[in-house]
Amino acid sequence: MRRWGIRKKVLVVTLVPTLLTTLLLGIFFTYSWVRNIEQLLVDRGDSLSRQLAAGSEYGMFTANRSLLSSLSNALLEEQDVRSITFYDSSRNRLLHTGPTLESGLGAAALRIHKTTFDHRQNNQASTAFVTPVYLQDLMIDNLLELRPDGLGGSSGEPIGWVSVEMSHIRTEKETYKALLISLLVILAGVILSLLIAVRLSRSFTDPVFELNAAVARLKEGKLDTRVYTGAGPEFEQLESGLNAMAEELSKAQAEMQQNIDQATEDLRETLETIEIQNIELDFARKEALEASRIKSEFLANMSHEIRTPLNGIIGFTELLLKGPMPRQQRDHLNTIRKSSEILLTIINDILDFSKIEAGKLILDRVPFQLRDIIEDVMVMLAPAAHAKNLDLVPLIYNDVPDNLMGDPLRVKQVITNLVNNAIKFTQTGEVVLRASLEEEDVENHRVTLRLSITDSGVGLSRAQQQSLFNAFNQADASTARQYGGTGLGLAISKRLVEEMGGKIGLESELGKGSTFWFTLSSELSASGEAMPPRDALQGERVIYLEHQKTTGLAVEHLLRDWGMTVDRVATPAAMQEQVEEAQKSQAGYAVAIVGITRHLLRSSQYCGLIRNLELDRDCRTLLLTPTLDTHDTPVSELASGHLTKPVSRDPLYDELLLLVHGINAGQQRLPGKPAYPAPQPVAGGVPRILAVDDNEANLKLVMTLLQDCQVEAEGAASGFEALSKARQQRFDLVFMDLQMPGMDGVETTERLRGLDDSSRRTPIIALTAHALSDEQDRLLQQGFSGYLAKPISSSQLRETIEEYTGYACHGGNGNQLPVAEIRDTRRRIRPSTRQQQRECVSVDESIELAAGKEDLAEELFSMLLEQLHTDLPEIRARWQQNDLDGLLDIVHKLHGATRYCGVPELREAANRLETALKRATPDREYLKDQLLGAMERLQAWSEQTDWQPMFRGHRHRVSAD
1 MRRWGIRKKV LVVTLVPTLL TTLLLGIFFT YSWVRNIEQL LVDRGDSLSR QLAAGSEYGM
61 FTANRSLLSS LSNALLEEQD VRSITFYDSS RNRLLHTGPT LESGLGAAAL RIHKTTFDHR
121 QNNQASTAFV TPVYLQDLMI DNLLELRPDG LGGSSGEPIG WVSVEMSHIR TEKETYKALL
181 ISLLVILAGV ILSLLIAVRL SRSFTDPVFE LNAAVARLKE GKLDTRVYTG AGPEFEQLES
241 GLNAMAEELS KAQAEMQQNI DQATEDLRET LETIEIQNIE LDFARKEALE ASRIKSEFLA
301 NMSHEIRTPL NGIIGFTELL LKGPMPRQQR DHLNTIRKSS EILLTIINDI LDFSKIEAGK
361 LILDRVPFQL RDIIEDVMVM LAPAAHAKNL DLVPLIYNDV PDNLMGDPLR VKQVITNLVN
421 NAIKFTQTGE VVLRASLEEE DVENHRVTLR LSITDSGVGL SRAQQQSLFN AFNQADASTA
481 RQYGGTGLGL AISKRLVEEM GGKIGLESEL GKGSTFWFTL SSELSASGEA MPPRDALQGE
541 RVIYLEHQKT TGLAVEHLLR DWGMTVDRVA TPAAMQEQVE EAQKSQAGYA VAIVGITRHL
601 LRSSQYCGLI RNLELDRDCR TLLLTPTLDT HDTPVSELAS GHLTKPVSRD PLYDELLLLV
661 HGINAGQQRL PGKPAYPAPQ PVAGGVPRIL AVDDNEANLK LVMTLLQDCQ VEAEGAASGF
721 EALSKARQQR FDLVFMDLQM PGMDGVETTE RLRGLDDSSR RTPIIALTAH ALSDEQDRLL
781 QQGFSGYLAK PISSSQLRET IEEYTGYACH GGNGNQLPVA EIRDTRRRIR PSTRQQQREC
841 VSVDESIELA AGKEDLAEEL FSMLLEQLHT DLPEIRARWQ QNDLDGLLDI VHKLHGATRY
901 CGVPELREAA NRLETALKRA TPDREYLKDQ LLGAMERLQA WSEQTDWQPM FRGHRHRVSA
961 D
């Protein structure tokens, strides 16, 4: 009711009481009227039935039907009487006058109602009034004798019954008439009440509506509106107030209009001023756009002009470093090369920052593998970390997906910047990169990764942290002088991360190191290549010695992920003892992994450990060393396998596969390298290459690098010269500079494409340094086959030649081979012996077998070693040819030679194989492998041991004893 209008409320208040009263009164009077009509019928029926009972006493007693008939006919003339029936004392019908009795009336009623009192029997259309007939006392004495049946009556029992049936027709008509009259009276009352309510509501609501309409007109701005309702004193007060308000509003509007006119005039003058300013701003905008275009062109040209001399400086410095020269000059050249690389890094940072500021940074969206990118960064920056004795470790959790969609180059750039900064500002300790899964949206195939780089460096204060991500800012001025750099690396990283939809931040405390982190939101790549299952090493046992805790954790994590069992030891002595105990229990280790730091590379303790494992225990060892100067140390020469830290997944798996099972996976394509189409075959085996560059130093450098690769190379200083040479002969590869006077690289390439035919398309590689355009896509659309950024290195040049021509360059050593002919030159690796075995060489036993003559023992041992060089390939060949008789002869001779030398392991292996060949046992192949293993061990022992003094010094030891 709160939302009802005034009219509705007035109608409800007026009508509801009146309607309720009218309805109640109408219902009451109608009910009373109908009851009276029904009661009147009952009373008349009772009266008529009693009168008939009294009048028919004699006729009933005498059974005079004639008399009863005359009585009934006379009574039928009465209104509402329908029929009359007489019953005798036995309840049998004597006489019936009128229509047939309604169902349920008559004798059946008498049988049901056996009372001697008056009663009524109702039906739908009529009511039967039944009254007993008694003899009067005065008549009993006189008429007893007159009864025809001779029976006397008794005043206690009726002599019969009279039934008068009264019709309901007139009663129903009266009832309907009463209802109709009542209804009409009620309707008349309701209509009268409604008319009165409507009249009253209008007299109240019409003035209200009129006032409301006046307010609406005032709201529309018709301030000349006035209202006069004449509805009484209350409304007169509202009228006067409303009219006064309208008059005040009219005056206020007039005053406001005057102010608006004045303000409009002022605004018109202001708009004229703004229009003039807009014209000036438009001119300024055009000037700014022109300045931005000039800046972009300047940066593009400067990138080319600066990189061109740098290309010559770095290239010729590398060429000079390859040749012999005094140490002082080599140091100077190294300084020049490092300074040039620093200058190139600064230029790259400035150009990247300019590209971001110009809004021309376009991110690629291609599938890539996150682990390959992280490993590439770790391998690239490992020398800088190891030069400071830092432990550089990547930790990638198992739930981190590998196949992602995004820009791998920019992700790699951000990781490189953060890891490089961590290495730069850390003097001791470690730099750890962690990659973890932060959020995963399974429905949309999206993940959010968190990559953090933690170092143990100098740390940052809160004031330094606030300005660290600003451009051209470093921690402080002294840091800039000490460590160098432009201060753009973190600013570029922040902008790149934000462009990729992530966040970047740091957590640091002064003196306690820093943690830089960023999030990478990416879709999962559905088209990524499925990684082959790495289950070939499952169940193998490995023993691992590592001094750097975090590196050990990362390597152990990888090994356990491949299903290997890893036992960690803390010292070389513990490793040697545990390997010996394992072999005694016939459950030796498949490989021993030894990770050492830089200062232990020439440790005699570790040399002895690896010598003992490789020679005495026949257990293959894998050496993990820093990246600096580790390939020519005594430790690395003794080990069967050697990898540099930080350890990558694929090289580690391939190396373990080789050491454990002897399977060489080195010929597989490197992970992460795109699969290019097969290069076109080059006629004659050596490709003809054309280099085009207008800069003399640049052209000379490229020609020198090509000559080092021993290819047929020609140079051209302009596009016209290149086009002329291309018309004279066909080239297999073209290196094309873009910016040249006259005919630039793009136009030259377009004309060279006109010389191609349908069967062959000459690869043309662009050499450029532009920074503010979409180089790769644009160059591919303009006909180039590839892209190299200046300055180019000899390794990049060799890889490009190999990729597009199939010709492998090896730095001018004269041993160039086609790619298909390159094979892995590593020696065959024999898997570790898992059980305890006999001693490989016993000098004492050799001298004893030679009757104590050291010279003879040395000569016999030397003869045995010479025999091994011929017997090894001969045994393999005989086995391949299934020449068992010839194999038996060789083994027999070898067995005889071992009887005079102290070689217990080889002697026993030869004896077993000779016996098996004679008896044709099924384990011949296994025993053959055992013999070959013993021969290889003996050869390795002789090559890595200075054994002659051991024989010659035996006599001195005996004399001393």
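Position 720 of the sequence shown, counted from 1, bears residue number 720 in full-length UniProt numbering, the numbering being contiguous throughout. Beta carbons are placed, not taken as given, at the ideal position from N, Cα and C, and that holds for glycine. On a predicted model such as this, the values are computed, not experimentally measured, just so you know.
Practice task
Output the distance between the C-alpha atoms of R93 and A188, rounded to the nearest integer angstrom.
Solution key: Position 93 of the sequence shown, counting from 1, holds the residue named residue 93. Position 188 of the sequence shown, counting from 1, holds the residue named residue 188. Cα to Cα, R93 sits roughly 53 Å from A188.
Practice task
Compute the beta-carbon to beta-carbon distance between L537 and V414, rounded to the nearest angstrom, for a pair I have assumed lies under 8 Å.
Solution key: One-based indexing of the sequence shown puts residue 537 at position 537. One-based indexing of the sequence shown puts residue 414 at position 414. About 33 Å; that fails the 8 Å criterion.
Problem - Residue-level contact to chain D via CB, T633, 9 Å cutoff - result: Looking at the structure shown, chain D is missing, and only one protein chain is on hand.
Handout entry: Rounded separation between S862 and R337 - CA only
Key = Numbered from its first residue, the sequence shown carries residue 862 at position 862. Numbered from its first residue, the sequence shown carries residue 337 at position 337. Taking the Cα positions, S862 is about 51 Å away from R337.
Practice task
Pick out whichever of L404, S339, R912 has its Cα sitting closest to the Cα of R365.
Solution key: In the sequence shown, residue 365 corresponds to position 365, counting from 1. Per the C-alpha coordinates, the member of L404, S339, R912 positioned closest to R365 is L404.
Exercise for the section: Look up M736 in the DSSP assignment and give the residues it is bridged to. Expected result: Start at 1 with the first residue of the sequence shown, and residue 736 comes out as number 736. The partner list for M736 (beta bridge, DSSP) reads V692, A766.
Practice task
Tell me, please, which residues DSSP counts as bridged to D455.
Solution key: As a first step, residue 455 must be located in the sequence shown, where it is residue number 455. Looking at the DSSP assignment, D455 forms a beta bridge with V431, S514.
Problem - Burial state of L370 (16 or more Cβ within 10 Å) - result: Start at 1 with the first residue of the sequence shown, and residue 370 comes out as number 370. Answer is buried; the Cβ neighbour count reaches 16.
Problem - T175 beta carbon less than 9 Å from that of E38 - result: What you label residue 38 is simply residue 38 of the sequence shown in a count that begins at 1. What you label residue 175 is simply residue 175 of the sequence shown in a count that begins at 1. Against a cut-off of 9 Å, the Cβ pair of T175 and E38 comes out as a contact.
Problem - Beta carbon of F735 nearer than 9 Å to that of L690 - result: Start at 1 with the first residue of the sequence shown, and residue 735 comes out as number 735. Start at 1 with the first residue of the sequence shown, and residue 690 comes out as number 690. Yes, these two residues count as a Cβ contact at 9 Å.
Practice task
Spatial neighbours of I504 within its chain, please: CB distance less than 6 Å, with the 5 preceding and 5 following residues excluded, ordered by chain position.
Solution key: Along the sequence shown, one-based indexing puts residue 504 at 504. Within the same chain, I504 has close Cβ partners K494, V497, F518.
Practice task
Pick out whichever of A491, V458, L418 has its Cα sitting closest to the Cα of L510.
Solution key: Locating residue 510 in the sequence shown gives position 510, where the first residue counts as 1. Of A491, V458, L418, the residue nearest in Cα terms is V458.
Practice task
Check whether the Cβ atoms of Q79 and R7 lie closer than 9 Å to each other.
Solution key: Within the sequence shown, the letter at position 79 stands for residue 79. Within the sequence shown, the letter at position 7 stands for residue 7. Cβ distance not < 9 Å, so Q79 and R7 don't count as in contact.
Problem - Unbroken alpha helix (DSSP H) run spanning I27, endpoints - result: Walking along the sequence shown from the start, residue 27 turns up at place 27. Run containing I27: 6-55, per the alpha helix (DSSP H) assignment.
Problem - Where the beta strand (DSSP E) containing D567 begins and where it ends - result: Locating residue 567 in the sequence shown gives position 567, where the first residue counts as 1. Where D567 is concerned, the enclosing beta strand (DSSP E) starts and stops at 565-569.
Handout entry: DSSP-derived helix/strand/coil call for F731
Key = The residue given as residue 731 occupies position 731 in the sequence shown. Of the three classes helix, strand and coil, the one that applies to F731 here is coil, per DSSP.
Handout entry: Y176 - DSSP class collapsed to helix/strand/coil
Key = The count along the sequence shown starts at 1 and reaches residue 176 at position 176. Correct three-state label for Y176: helix.
Practice task
Flag this pair as touching only if the stretch 638-653 and the stretch 609-625 have three or more C-beta atom pairs under 8 Å; answer yes or no.
Solution key: Per the Cβ contact rule, the stretch 638-653 is in contact with the stretch 609-625 (3 or more Cβ pairs under 8 Å).
Practice task
Determine the direct distance from the alpha carbon of G230 to that of E236, and round the result to whole angstroms.
Solution key: The sequence position of residue 236 within the sequence shown is 236, counting from 1. The sequence position of residue 230 within the sequence shown is 230, counting from 1. The straight-line gap from Cα to Cα measures roughly 7 Å.
Practice task
Please work out which residues of its chain come closer than 7 Å, Cβ to Cβ, to F316, disregarding the five sequence neighbours upstream and downstream, and give them in chain order.
Solution key: Numbered from its first residue, the sequence shown carries residue 316 at position 316. Within the same chain, F316 has close Cβ partners L701.
Practice task
Using alpha carbons as the reference points, say which of D744, E172, Y134, G160 lies closest to T127.
Solution key: For the purposes of this step, residue 127 is taken as the residue at position 127 of the sequence shown. That would be E172, whose Cα lies nearest to the Cα of T127.
Practice task
State the start and end residues of the unbroken beta strand (DSSP E) segment that holds H445.
Solution key: Mapped onto the sequence shown, residue 445 falls at position 445. First-last for H445: undefined, no H or E at that position.
Problem - Beta-bridge partners of Q121, as assigned by DSSP - result: Position 121 of the sequence shown, counted from the first residue, corresponds to residue 121. Answer by DSSP bridge pairing, in chain order: A128.
Practice task
Leaving aside the five residues before and after N311 along the sequence, list all residues of the same chain whose C-beta is less than 6 Å from its C-beta, in chain order.
Solution key: Start at 1 with the first residue of the sequence shown, and residue 311 comes out as number 311. Excluding positions up to five away in sequence, the list reads N698, K790, P791.
Exercise for the section: Measure from the alpha carbon of T85 to the alpha carbon of each residue in D844, I313, T97, L200, then state which is nearest. Expected result: The count along the sequence shown starts at 1 and reaches residue 85 at position 85. Of the candidates D844, I313, T97, L200, the one whose C-alpha sits nearest the C-alpha of T85 is T97.
Practice task
If I'm right that G160 touches S89 with Cβ under 8 Å, what's the distance once you round it to whole angstroms?
Solution key: Within the sequence shown, numbered from 1, the residue matching residue 160 stands at position 160. Within the sequence shown, numbered from 1, the residue matching residue 89 stands at position 89. G160 to S89, Cβ: 6 Å. Contact.
Problem - L601 in three-state terms, based on DSSP - result: As a position in the sequence shown, residue 601 is number 601, starting the count at 1. Looking at L601 - three-state DSSP - the assignment turns out to be coil, as it is neither helix nor strand.
Practice task
Compute the distance between the beta-carbons of V185 and A53, then report whether it is under 9 Å.
Solution key: Taking the sequence shown and counting its residues from 1, one reaches residue 185 at position 185. Taking the sequence shown and counting its residues from 1, one reaches residue 53 at position 53. No. Outside cutoff.
Handout entry: Reference D693, options Q710, E712, E848, L723, closest by Cα
Key = Position 693 of the sequence shown, counted from the start, is the residue given in the question as residue 693. Of Q710, E712, E848, L723, the smallest CA-CA separation from D693 is found for L723.
Handout entry: P677, DSSP secondary structure in three states
Key = To locate residue 677, count along the sequence shown from 1; it is residue 677. The predicted model places P677 with a pLDDT of 46, which falls under 50 and marks its position as unreliable; any figure quoted below should be read in that light. Note: P677 maps to coil in three-state DSSP.
Practice task
Go to residue 962, then tell me how far its alpha helix (DSSP H) extends in each direction, as first and last residue.
Solution key: Outside the displayed span of the chain (1 to 961) sits residue 962, for which this structure offers no information.
Problem - Validate contact between the stretch 438-448 and the stretch 552-563 using beta carbons, cut 8 Å, 3 pairs - result: no
Exercise for the section: With DSSP collapsed to three states, give me the class of E943. Expected result: By 1-based counting over the sequence shown, the position of residue 943 is 943. It is helical.
Handout entry: Candidates L449, K424, F425, L48: closest to S436 by CA position
Key = Here residue 436 refers to the residue found at position 436 of the sequence shown. The option with the nearest alpha carbon to S436 is L449.
Problem - R3 classed as buried or exposed, judged by whether at least 16 other C-beta atoms fall within 10 angstroms - result: Within the sequence shown, the letter at position 3 stands for residue 3. Residue environment: R3 is assigned as exposed (fewer than 16 neighbouring CB atoms within 10 Å of its CB, all protein chains considered).
Practice task
Please classify T900: does DSSP put it in a helix, a strand, or coil?
Solution key: Walking along the sequence shown from the start, residue 900 turns up at place 900. According to the sequence provided, residue 900 is Tyr. The question's Thr does not apply to it. Coil.
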